[in-house]
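When we follow the numbering used here, the leftmost residue of the sequence shown carries the number 4, and every step to the right adds one.
Beta carbons: idealized from backbone N, C-alpha and C, even for Gly.
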Amino acid sequence: MEVKAADVGLLQSRYRLTKQRAAVLRALSGGGHLSAEGILHRVREEIPAVSLGTIYRTLEILRAIGLVQAFTHGGDAARYEAALDKHHHLLCSQCRHVLNVHAPELARIVYEVASAENFDQVDYSLTIVGRCARCATAARTVSNN
Ligand SMILES: [Zn+2]
Ligand SMILES: [Zn+2]
4 MEVKAADVGL
14 LQSRYRLTKQ
24 RAAVLRALSG
34 GGHLSAEGIL
44 HRVREEIPAV
54 SLGTIYRTLE
64 ILRAIGLVQA
74 FTHGGDAARY
84 EAALDKHHHL
94 LCSQCRHVLN
104 VHAPELARIV
114 YEVASAENFD
124 QVDYSLTIVG
134 RCARCATAAR
144 TVSNN
């Protein structure tokens, strides 16, 4: 189930990452899904003068290289992560926590559905919305009081 996070040191030498790009990747190295504001907050610990505009531009470059992926659902602001491999998401409808999951069985269904309508160049991502274990436990605790 583990989704590999990017090794910032390795990537920095391979892609000759600037200080800002490396700092953004480091902010994401915990495996979280952070908003641009959340990334800004962390990067400012390294580079105090950095602006939100710079964070957005840096994220776009890192996405173009393929080092950062964006996750959005409904009207939520985009959240970013440093993940290299394809994966899917569980999203908690209450606390908005996002969990990475793999669903390898999904590929067969997707390609069956797409090819039945003669679609090629198929891409897909699955977001399963539900209530996380922590929120379910909290709800039970409240109702027991
Ligand atoms: Zn939750
Ligand atoms: Zn993810």
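One or two residues paired with residue i in a DSSP bridge
i: isoleucine 131; result: Leu93
i: phenylalanine 122; result: Phenylalanine 122 is not bridged to any residue.
i: glutamine 15; result: The partner list for glutamine 15 (beta bridge, DSSP) is empty, contrary to what the question assumes.
i: alanine 73; result: Tyr83
Residue i versus the options, residue with shortest Cα-Cα distance
i: arginine 151; options: Lys89, Arg99, Gly69; result: With the chain covering 4 to 148 only, the question about residue 151 has no answer from this structure.
i: isoleucine 86; options: Tyr18, Gly34, Thr140, Thr61; result: According to the sequence as given, residue 86 is alanine; it is not isoleucine. Of Tyr18, Gly34, Thr140, Thr61, the residue nearest in Cα terms is Gly34.
Buried or exposed (CB count within 10 angstroms, at least 16 for buried), residue i
i: asparagine 103; result: buried
i: phenylalanine 122; result: exposed
i: methionine 4; result: Per-residue confidence for methionine 4 stands at a pLDDT of 39, beneath the threshold of 50, marking its modelled position as unreliable; no derived number is given.
i: glutamine 72; result: buried
i: isoleucine 58; result: buried
i: arginine 143; result: exposed
i: glutamate 84; result: buried
Enclosing beta strand (DSSP E) for residue i [first to last residue]
i: leucine 102; result: 101-104
i: alanine 221; result: The shown model of the chain, from 4 to 148, leaves out residue 221, and the question about it has no answer.
Check: residue i C-beta below 7 Å from any heavy atom of ligand 1
i: arginine 143; result: no
N- and C-terminal bounds of the alpha helix (DSSP H) containing residue i
i: cysteine 138; result: 136-147
Ligand 2 heavy atom lying under 7 Å from the CB of residue i
i: histidine 105; result: no
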